[in-house]
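Residue numbers (our numbering), protein chains in the order written: chain A, 1 to 597; chain B, 1001 to 1092.
Spelled out as structure tokens, the structure:
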């Protein structure tokens, strides 16, 4: 048995044979063609290129919302290769001068160029040869007139293994016979990771060059919790994995049973559990997981999806559908939060050296008032279908809040004078995601109806760390005393002013942090639907008193490391106590039966 | 004809994606654009040509532009190479 470690991209356990996805490589046979056949070869080349172009453009279009920026860039670079003069000149020259068939000429032309890349002593450049190889193969398939080169799908339940899977590959794969994924490339946000999480199978990515050496049929055990891949697992390990799978099944059933229960601690403290959503289709999932409402509705999707500024009516329609879908439960609309990592050219945003400190969130909205006002009008109009709240992103102080509210007043006055049906007195809140908002939270709280703490950005701004930068990403420390104190200060300011405060960042979906968030006194946690039942479970078996004591202690520790250790010990102690209590109750119920026998 | 130097701001240099962005820009101009680096030159409208220059981060490339829109082309190209390449392109 051999064990490899990659990036755990989707939780769960799987045991089974692997199914290696490798695309068949076409190596064209070189033929000499008669001189009179040369024009026909050139025509075949043009047609194959055109066909490949149509395919790639189609892929870009079809997957525009799902592609990561990197994948999209690579596909568009591949389009440019198809038009590249070096490729064309070399191919045409080979056809004319050496009188060889078009596919062989093309393959050699590309091969010559690729070999130049291989001479470059730089890993990144060498990897680019793979992209060139991909597009070369697509053209060669087009010559054959075959659209396949398509994937061989697993015929028996298997762990799908590949060097890399493109979005189109995963779309073709679907979920049939897929026990899990292992991949040499990719990170936790790659397409495969997202697919695996959505169909509920484990995935390990970033295994470097492990998958390359595997073949279909080999037995593996995939540990999606820790990112371990065991090759040829022994019986003992297989049994252990089966136990894990069974346990996970039982846990899921138990958690599903929680759906209609409230998140109330044994000592009667209630926390509202809401879902973060972005896409209309997520409404049903949120309800299925037992969300009491939508704590964060990101509206960027609509803007990006249309690749244009959506009209007020379009927005009203989409927002209304989501509000209706929630059937009377609260929906918090966050106004457009572009900028930072979500730049959009057609919105007039430009690239900046320091995008996270630049023109984003409320700054962008206040500079684009017509767009901002249109969105506010649409939200107020959609609010006739259910309880809606408005939330402003990236507020750094009271001035911005007042300005934003002034735009809202204008929007309402317009709707009133135009006689359009709307709701005028929607609760207005703001995101607490900058240190300045934390420090002025007492002032902000007097001029709004609620707060929602955006912990991802709050951590990033408070600890001055860019999460996308691998060298400093270790500083993503939710338990850093500065973060805990910031949240506590915000909660206290909100409660003193008599308003509620929630949290809607990734901290909300980390099981180990549930007791901490409870103890911080948050009224609401809004999180990704999948994590909701687990967090609710923790809240239901933790007393508020214990959680408050825990947080008091954590806030007084010196470092995040100390806090991590203390929390881990706290959780272990509580687990042990819970097991002991469970054992005691099961003994009590079991003993009378014993007496009878 | 106009010439200038530009410092490569892309953290991984002129790889395929950076080259693609340069090509997309230069194709919007009618001028001929040539980029030289390390004794080699490439047509800036060819992605493969540019990528095979393998110009590294922080080094300077020579740009040569000739045509009716050469001023504008040069100016925008310098901005792309020196500033915009530092950040990933967002196709949305």
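Just so you know, even glycine gets a beta-carbon here, dropped at the ideal spot from N, CA and C.
The ligand MG and residue 1012/B: does any heavy atom of the ligand fall closer than 6 angstroms to the residue's C-beta?
The ligand MG is not among the ligands present in this structure, which contains no ligands whatsoever.
Beta carbon proximity, residue 38/A to chain B, threshold 7 angstroms
So no, residue 38/A is outside the interface.
So, for residue 583/A: in the same chain, excluding its five sequence neighbours on each side, which residues have a beta-carbon less than 8 angstroms away from its beta-carbon?
Cβ within range, chain order: n/a, list empty.
With the cut-off set at 7 angstroms, would you say residue 154/A and residue 177/A are in Cβ contact?
Yes. Within cutoff.
Classification of residue 102/A by the beta-carbon crowding that lies within 10 angstroms, buried from 16 upward:
Under this definition residue 102/A is a buried residue.
Run down chain B in chain order and give the residues with a C-beta less than 8 angstroms from the C-beta of residue 87/A.
Correct list: 1048.
To the nearest angstrom, report how far apart residue 598/A and residue 536/A are at their CA atoms.
Here chain A has residues from 1 to 597 only, and residue 598/A is not among them.
With a threshold of 7 angstroms between beta-carbons, can residue 10/A be considered close to chain B, or not?
Residue-level contact check: residue 10/A does not touch chain B, since none of the beta carbons of chain B fall below 7 angstroms from its beta carbon.
Interface partners of residue 74/A on chain E, CB under 8 angstroms
Absence of chain E from the displayed structure is noted, the protein chains being A and B.
Helix or strand or just coil, what does DSSP make of residue 1041/B?
DSSP, reduced to helix, strand and coil, places residue 1041/B within a strand of the structure shown.
From 394/A, 544/A, 415/A, pick the residue whose C-alpha is nearest to that of residue 362/A; which is it?
For the options 394/A, 544/A, 415/A, the alpha carbon positioned closest to that of residue 362/A is the one of 394/A.
Closer than 7 angstroms to chain A by CB, residue 1023/B
Residue 1023/B counts as touching chain A.
With distance defined between alpha-carbon atoms, name the residue in 290/A, 284/A, 316/A, 285/A nearest to residue 299/A.
Check the Cα spacing between residue 299/A and each of 290/A, 284/A, 316/A, 285/A: the tightest is with 316/A.
Could you confirm whether any beta carbon from chain A is found closer than 7 angstroms to the beta carbon of residue 1009/B?
Not one chain A Cβ lies under 7 angstroms of residue 1009/B.
How do the stretch 498–505 of chain A and the stretch 517–534 of chain A stand: do at least 3 beta-carbon pairs fall below 8 angstroms, yes or no?
Contact between the stretch 498–505 of chain A and the stretch 517–534 of chain A is present, because at least three Cβ pairs lie under 8 angstroms.
Beta-carbon proximity list for residue 1078/B, same chain, < 8 angstroms, skipping 5 on both sides
1004, 1006, 1063, listed in sequence order.
Just by C-beta distance, which residues in the stretch 1041–1065 of chain B are closer than 9 angstroms to chain A?
Those would be 1042, 1043, 1045, 1046, 1047, 1048, 1049, 1051, 1052, 1054, 1056, in chain order.
Residue 1067/B touches chain A at which residues, Cβ-Cβ below 8 angstroms?
Going along chain A, no residue has its Cβ under 8 angstroms from residue 1067/B, so there is no contact; the nearest lies around 16 angstroms.
Under 7 angstroms, do residue 181/A and residue 15/A count as touching if we go by C-beta distance?
No, the pair does not count as a contact, with Cβ atoms beyond the cut-off.
Look up residue 450/A in the DSSP assignment and say whether it is helix, strand or coil.
Reduced to three states, the DSSP call for residue 450/A is strand.
Considering only C-alpha positions, which residue in the set 90/A, 17/A, 487/A, 381/A is nearest to residue 161/A?
Minimum Cα distance to residue 161/A is reached at 17/A.
With the cut-off set at 7 angstroms, would you say residue 104/A and residue 28/A are in Cβ contact?
Yes.
How far does the beta strand (DSSP E) with residue 1003/B in it extend, from its first residue to its last?
Run containing residue 1003/B: 1002–1007, per the beta strand (DSSP E) assignment.
How would you label residue 35/A, buried or exposed, when you count the other beta carbons within 10 angstroms and need 16 or more for buried?
Exposed.
Tell me, please, whether the CB atom of residue 1020/B is closer than 7 angstroms to any CB atom in chain A?
So yes, residue 1020/B belongs to the interface.
Below 6 angstroms CB to CB, which residues in the same chain sit around residue 433/A once its five sequence neighbours on both sides are set aside?
Contacts found: 454, 457, 458.
With respect to the alpha helix (DSSP H) encompassing residue 497/A, which residues constitute its N-terminal and C-terminal limits?
First-last for residue 497/A: undefined, no H or E at that position.
Residue range of the alpha helix (DSSP H) that includes residue 512/A:
Residue 512/A -> no alpha helix (DSSP H), and no H or E assigned at all.
In whole angstroms, give me the CA-to-CA distance for residue 411/A and residue 379/A.
The straight-line gap from Cα to Cα measures roughly 10 angstroms.
If you draw a straight line from the alpha carbon of residue 557/A to that of residue 449/A, how long is it in whole angstroms?
So the alpha carbons of these two residues sit roughly 32 angstroms apart.
Considering only the alpha carbon of each residue, which of 110/A, 59/A, 399/A lies closest to residue 84/A?
Nearest option by C-alpha distance: 110/A.
Hey, residue 295/A and residue 386/A are a contact pair by Cβ (cut 8 angstroms); roughly how many whole angstroms apart?
With a Cβ gap of about 15 angstroms, residue 295/A and residue 386/A do not count as contacting.
Quick one: does residue 113/A have its CB under 7 angstroms from some CB of chain B?
Contacts with chain B at 7 angstroms (Cβ-Cβ) include residue 113/A.
Given a threshold of 16 other Cβ atoms within 10 Å of its Cβ, counted over all protein chains shown, does residue 261/A qualify as buried or as exposed?
Classification for residue 261/A: exposed.
Tell me which same chain residues have a C-beta within less than 7 angstroms of the C-beta of residue 560/A, skipping the five on either side of it?
Around residue 560/A: 477, 479, 480.
Going by Cα to Cα distance, which pick from 495/A, 563/A, 2/A, 565/A is closest to residue 237/A?
Residue 2/A is the option with its Cα nearest to residue 237/A.
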